[in-house]
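Take any residue in the sequence shown, note its place counting from 1, add 31, and you have its number in my numbering.
Yeah, the Cβ is synthetic: ideal placement off N, Cα and C, and Gly gets one too.
Small disclaimer: the values here were computed from a predicted structure and weren't measured.
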Amino acid sequence: MRAFVLSGGGNYGALQVGALKALLDHNIHPDLVVGTSAGALNAAWFAGDPTPHGLVQLSRLWTHFAPEMFTGHRRLMALYHLASTRESILPNQALLQLLARWTPAGAHFGDFTNPRLYAVAARLCDGALHVFGDDPNDLLLDGLMASTALPPLFSPWTVDDVAYIDGGASANLPLRVAIERGADEIYALHTCGSPAGIGRTPEGLIPVVLQSILVMVGQQETAEIEAVRSMKGVRLHLISLCPDSDPGFWNFESSAGMICDGYGAVDTYFQQETVS
32 MRAFVLSGGG
42 NYGALQVGAL
52 KALLDHNIHP
62 DLVVGTSAGA
72 LNAAWFAGDP
82 TPHGLVQLSR
92 LWTHFAPEMF
102 TGHRRLMALY
112 HLASTRESIL
122 PNQALLQLLA
132 RWTPAGAHFG
142 DFTNPRLYAV
152 AARLCDGALH
162 VFGDDPNDLL
172 LDGLMASTAL
182 PPLFSPWTVD
192 DVAYIDGGAS
202 ANLPLRVAIE
212 RGADEIYALH
222 TCGSPAGIGR
232 TPEGLIPVVL
242 QSILVMVGQQ
252 ETAEIEAVRS
262 MKGVRLHLIS
272 LCPDSDPGFW
282 NFESSAGMIC
292 DGYGAVDTYF
302 QQETVS
């Protein structure tokens with residue numbers, strides 16, 4: 032059984048759109064898709080329309096609609112929330128409205144069967160991993176809002192009196208989630224900053240917070256990758272998606288270019304596989 036596993040990565044999630052298009056062009060299709068955070072958003076859209084046409088529409092979301100959340104008036108609202116000691120810098124409502132605009136009203140994870148869909152979140156109280164989609168009655172919006180609830184940017188998302196945060200806290204690249212649900216071949220679309228951005232010391236509150244999260248998540252991902260590579264009977268295609276020019280966190284102005292970079296990364300992966 033084949034799975035696509037999509038990591039979290041904020042605005043770098045645009046890379047996954049191009050990568051998904053390249054996989055389809057190579058006639059590679061999944062039986063299930065698993066995503067964390069931005070990867071969960073991409074996974075949900077793809078599961079709803081796993082075709083080139085669906086990816087054209089997903090590209091429009093990244094290049095035209097996502098940037099609306101981070102225009103000048105959003106920055107002013109962010110400062111207001113920070114100054115008023117709210118739980119998050121940005122209001123969850125903005126993301127909820129964006130998702131509600133593009134997802135079927137009242138959709139459940141059980142509605143997605145070819146491929147099946149799973150979104151990863153973490154319980155706030157203890158960090159335990161939670162997989163939306165194990166229960167087919169899980170609401171799609173709940174799963175996506177929980178998986179993307181990254182403090183301090185967004186507040187935790189509560190479902191049935193349980194607060195959840197971004198799935199990256201438990202499994203930013205949820206390979207074992209896919210395996211435990213039957214996958215024996217995985218195409219892992221792992222987003223990362225460009226090599227030029229590695230080793231730089233970030234400046235400013237949000238860049239420092241996000242870089243701190245990346246450091247912790249990176250160690251977790253390395254352990255997960257090594258564990259899966261040691262498993263017998265599981266074939267892992269680890270595709271690193273790095274932009275040619277790193278736009279920095281939460282800069283959606285370069286989404287179109289990153290979509291192209293993601294497509295090229297998959298082509299490069301297959302060329303290297305052919306050579307080896």
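Distance, residue j Cα to residue i Cα
i      : j      : result
Gly44  : Ser271 : 12 Å
Glu257 : Ser38  : 16 Å
Leu86  : Glu284 : 19 Å
Asn42  : Met262 : 32 Å
Tyr294 : Leu55  : 10 Å
Leu89  : Thr134 : 12 Å
Ala50  : Asp192 : 37 Å
Ala296 : Leu46  : 9 Å
Ala75  : Glu252 : 22 Å
Asp165 : Tyr300 : 31 Å
Arg31  : Leu92  : With the chain covering 32 to 307 only, the question about residue 31 has no answer from this structure.
Per-residue DSSP class, three states only, for residue i
i      : result
Phe35  : strand
Val193 : strand
Gly44  : helix
Arg154 : strand
Thr134 : coil
Thr299 : helix
Ile217 : strand
Pair within 8 Å by beta-carbon distance, residue i and residue j
i      : j      : result
His60  : Pro81  : yes
Ser178 : Val151 : yes
Gly249 : Ala200 : no
Val36  : Ala209 : yes
Ile217 : His139 : no
Asp215 : Arg154 : no
Ala34  : Val65  : yes
Pro274 : Thr67  : no
Leu129 : Met176 : no
Leu63  : Pro167 : no
Ala78  : Leu172 : no
Proximal residues to residue i (C-beta, below 7 Å), its chain only, five neighbours per side dropped
i      : result
Thr94  : Ser286, Ala287
Asp169 : His139, Phe140, Phe163
Delimiting residues of the beta strand (DSSP E) encompassing residue i
i      : result
His161 : 160-163
Ser261 : Here Ser261 belongs to no beta strand (DSSP E), and DSSP marks it neither H nor E.
Arg266 : 266-272
Span of the alpha helix (DSSP H), counted from its first residue to its last, around residue i
i      : result
Ser178 : 171-178
Leu92  : Element bounds for Leu92: n/a, residue is neither H nor E.
Leu206 : 206-211
Gly10  : Given that the chain is displayed from residue 32 to residue 307, the structure contains no residue 10 and the question cannot be resolved.
Gly199 : 199-202
Neighbourhood of residue i by C-beta distance below 6 Å, restricted to the same chain and skipping five residues each side
i      : result
Leu181 : Asp197
Gly40  : Ala69, Thr222
Trp188 : Met176, Ala177, Ala180, Tyr195
Residue i Cβ short of 7 Å to the ligand COA heavy atom set
i      : result
Pro274 : This structure does not include the ligand COA; it has no bound ligands of any sort.
Cβ shell of residue i (< 8 Å), same chain only, five flanking positions each side left out
i     : result
Asn58 : none
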